[in-house]
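Data first, discussion second: the structure below is written as structure tokens.
There are 2 protein chains.
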Amino acid sequence: MATNQEEVTLIGVVGSPFVCRVQIALKLKGIEYKFVEEDLANKSDLLLKSNPVHKKVPVFVHNDKPISESLVILEYIEETWNQNPILPSSPYQKAVARFWSKVIDDKIVAPFFRAVYAVNDDEKVREKNIEESSQALEFLESELKDKFFGGEEIGFVDIAAVVIAFWVPLVQDISGLQLFTAQKFPKLYNWSKEFLNHPIVKELVPPREPLFVYFKAKYDSLVSSSK
Amino acid sequence: MATNQEEVTLIGVVGSPFVCRVQIALKLKGIEYKFVEEDLANKSDLLLKSNPVHKKVPVFVHNDKPISESLVILEYIEETWNQNPILPSSPYQKAVARFWSKVIDDKIVAPFFRAVYAVNDDEKVREKNIEESSQALEFLESELKDKFFGGEEIGFVDIAAVVIAFWVPLVQDISGLQLFTAQKFPKLYNWSKEFLNHPIVKELVPPREPLFVYFKAKYDSLVSSSK
């Protein structure tokens, strides 16, 4: 637990899946922190100074030391605060969790968003990305053996996959690209319902409606600019 | 040190920077292992079974348990064998090492190779990737404060950056794309010389000439097919 001597700050925006990952981990461990809302249209000096390479949120600042990249932040939180572990203790099981989290980012989320935003590209690029994301989802589906990826409790991979549980369905409803469905991925779909129903996750996932409006406006403007 | 009871196997190919990372870490820690040469043109059942998601090398197999993704493997090796640590002990310094290793892969190496192989794409795509890689190299240059990223000894980030020390200059000489030079990045350039001169690295980096011929043939065939 953070003591009074410690300064724990999260620079983020409401509505970012990567910021949400950090919020879930902090809440699971009972760490109190200050949330500094960033204006991505007019980035703060604090953000630019803390994460000059990517200039992106989340940035986690602990006692004036900034850390960027959501999965790197999760590892830091796990190593700094031992309570309610989100990673298994065995080096092999840790490697497995790191491997799947990387699959989620590189092979599921990135190609999914490339496919959605590929309205300017040719159909081949779009299909290639859909295929890549879909295949990786199949592997992730077969990796799910318990209630959660972490077993009976949510862990590192579940937290990483919040983007699949909440953001992917949202963007699907906007774009019409139906990739992650109950029919195609029944186990993952059930997992997503269980996960979003977890009291901590439920509290931290942003309200759907304003986010829907926000993403829809962005998507519509992209589509209309490509016509 | 691996005992007789342990089976330590690395599935790889000579000439892969990602396989070389794992070899350097194993050598630094004095771990004996069996190297299984993979035929990437005709992938083995062992590879396909061990890494069905990516079907790529390296795969590290320890007591029948396979681990993929070079940075994930490095973390596993570090956690399994404590001698000659490649990561600092402080959670913050660990996070810093993980952050820069990810920058190397995502912001330097990936866009560099996209720029090199973008002979079919338009000039804009090529320039965007060169710019991305070049900017990240500048940040990495300013991060280098000692002889090595690991301090006086080579560590996680140095090992991750073997691809910048050896493969990037090789591919530059083939493609003519001069991105990483002594003029532009004097500190990084000196680091690369020191690093390649380290006895363990020197022994494990593949012979340049056959690799040059191999990559050049691949590059020439790409260029001619795009004409």
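The listed protein sequences derive, respectively, from chains A and B.
Numbering that gives the first Met the number 0 applies: residue 0 is where the first sequence begins, and numbers increase by one.
Numbering that gives the first Met the number 0 applies: residue 0 is where the second sequence begins, and numbers increase by one.
Glycine is no exception: its CB is placed at the ideal position from the N, C-alpha and C atoms.
Mind checking which residues open and close the alpha helix (DSSP H) that includes residue i?
i	result
Thr8 (chain B)	Premise fails: Thr8 (chain B) lies in the beta strand (DSSP E), Val7 to Gly11, not in any alpha helix (DSSP H).
Val167 (chain A)	Val167 to Ser174
Tyr188 (chain A)	Pro185 to Leu195
Ile158 (chain B)	Phe155 to Ala159
Ser49 (chain B)	Asp44 to Ser49
What residues in its chain sit with their C-beta under 8 Å from that of residue i, if we drop five residues either side in the sequence?
i	result
Lys215 (chain B)	Ile173
Lys211 (chain B)	Lys is not the amino acid found at residue 211 (chain B); the sequence shown has Phe there. Here the set comprises Leu169, Asp172 and Ile173.
Phe193 (chain A)	The residue you asked about is not Phe; residue 193 (chain A) is Glu in the sequence shown. Result list for Glu193 (chain A): Lys146 and Phe147, in chain order.
Ser15 (chain A)	Val56 and Pro57
Glu231 (chain B)	It is not possible to answer for residue 231 (chain B), since the shown part of chain B is limited to 0 through 226.
Go ahead and pull the three-state DSSP assignment for residue i.
i	result
Ser100 (chain B)	helix
Glu37 (chain B)	coil
Val60 (chain A)	strand
Ser224 (chain A)	helix
Ile85 (chain B)	coil
Asp105 (chain B)	helix
Ser15 (chain A)	coil
Asp121 (chain A)	coil
Ile199 (chain B)	helix
Ala1 (chain B)	With a pLDDT of 48 at Ala1 (chain B), under the threshold of 50, the modelled position of this residue cannot be trusted; read the value that follows with caution. In the structure shown, Ala1 (chain B) sits in coil (DSSP, three-state: anything other than H, G, I, E or B).
Pro90 (chain A)	helix
Thr79 (chain B)	helix
Phe211 (chain A)	helix
Glu74 (chain A)	helix
Phe179 (chain A)	coil
Glu31 (chain B)	coil
Glu126 (chain A)	helix
Pro110 (chain B)	helix
Glu140 (chain B)	helix
Ser132 (chain B)	helix
Val52 (chain A)	coil
Val162 (chain A)	helix
Val95 (chain A)	helix
Tyr218 (chain A)	helix
Val204 (chain A)	coil
Who are the Cβ neighbours of residue i in its own chain at under 7 Å, not counting the five residues just before and after it?
i	result
Gln92 (chain B)	none
Leu195 (chain B)	Ala164, Phe165, Lys201 and Val204
Arg113 (chain B)	Asn128
Ala258 (chain A)	Here chain A comprises residues numbered 0 to 226, so residue 258 (chain A) is not present and cannot be evaluated.
Over what stretch of residues does the beta strand (DSSP E) that includes residue i continue unbroken?
i	result
Lys146 (chain B)	Looking at the DSSP string, Lys146 (chain B) is not in any beta strand (DSSP E), and its letter there is neither H nor E.
Ser67 (chain A)	Lys64 to Ser67
Out of the options, point me to the one whose CA is closest to residue i's CA.
i	options	result
Ile158 (chain A)	A:Arg20, A:Ser15 and A:Val13	A:Arg20
Leu9 (chain A)	A:Pro168, A:Ile72 and A:Ile199	A:Ile72
Phe138 (chain A)	B:Gln177, B:Asn81, B:Lys48 and B:Phe98	B:Lys48
Phe179 (chain A)	A:Arg97, A:Pro110, A:Phe155 and A:Val204	A:Pro110
Leu27 (chain A)	A:Asn62, A:Pro198 and A:Gln134	A:Pro198
Phe184 (chain A)	A:Gly175, A:Gln134, A:Glu152 and A:Tyr116	A:Gln134
Val13 (chain A)	A:Lys106, A:Ala117 and A:Glu37	A:Glu37
Gln22 (chain B)	B:His53, B:Tyr213 and B:Phe155	B:Phe155
Asp63 (chain B)	B:Ala40, B:Glu5, B:Ser89 and B:Phe34	B:Glu5
Trp80 (chain B)	A:Trp80, A:Asn83 and A:Ser89	A:Ser89
Within a Cβ cutoff of 6 Å, which residues of the same chain sit near residue i, ignoring the five residues on either side of it in sequence?
i	result
Leu70 (chain A)	Ser100
Ala1 (chain B)	Because the pLDDT at Ala1 (chain B) is just 48, under 50, the model does not fix this residue reliably, and the value given afterwards should be weighed accordingly. Result list for Ala1 (chain B): Val7, Ile30 and Glu31, in chain order.
Ala160 (chain A)	Ile103
If you measure from the CB of residue i, is any heavy atom of the ligand NAD nearer than 7 Å?
i	result
Glu126 (chain B)	With respect to the ligand NAD, the structure offers nothing, as it holds no ligand at all.
#### Entry: Residues of the region 68-87 of chain B whose Cβ lies closer than 7 Å to any Cβ of chain A, in chain order
Glu68, Val71, Glu74, Tyr75, Glu78 and Thr79
### Task
Select from the region 101-113 of chain A all residues with a C-beta closer than 8 Å to any C-beta belonging to chain B, and list them in chain order.
Lys101, Val102 and Lys106
### Short-range partners of chain B found in the region 119-145 of chain A, where Cβ spacing is below 7 Å
Ala135 and Phe138
### Message
Please list, in chain order, the residues of the region 169-202 of chain B that have any C-beta partner in chain A closer than 8 Å.
### Response
none
### Where the region 148-172 of chain B meets chain A: residues whose CB sits under 9 Å from a CB there
none
### Query
Of the residues that make up the region 29-55 of chain B, which ones have a beta carbon closer than 9 Å to any beta carbon in chain A?
Pro51, Val52 and His53
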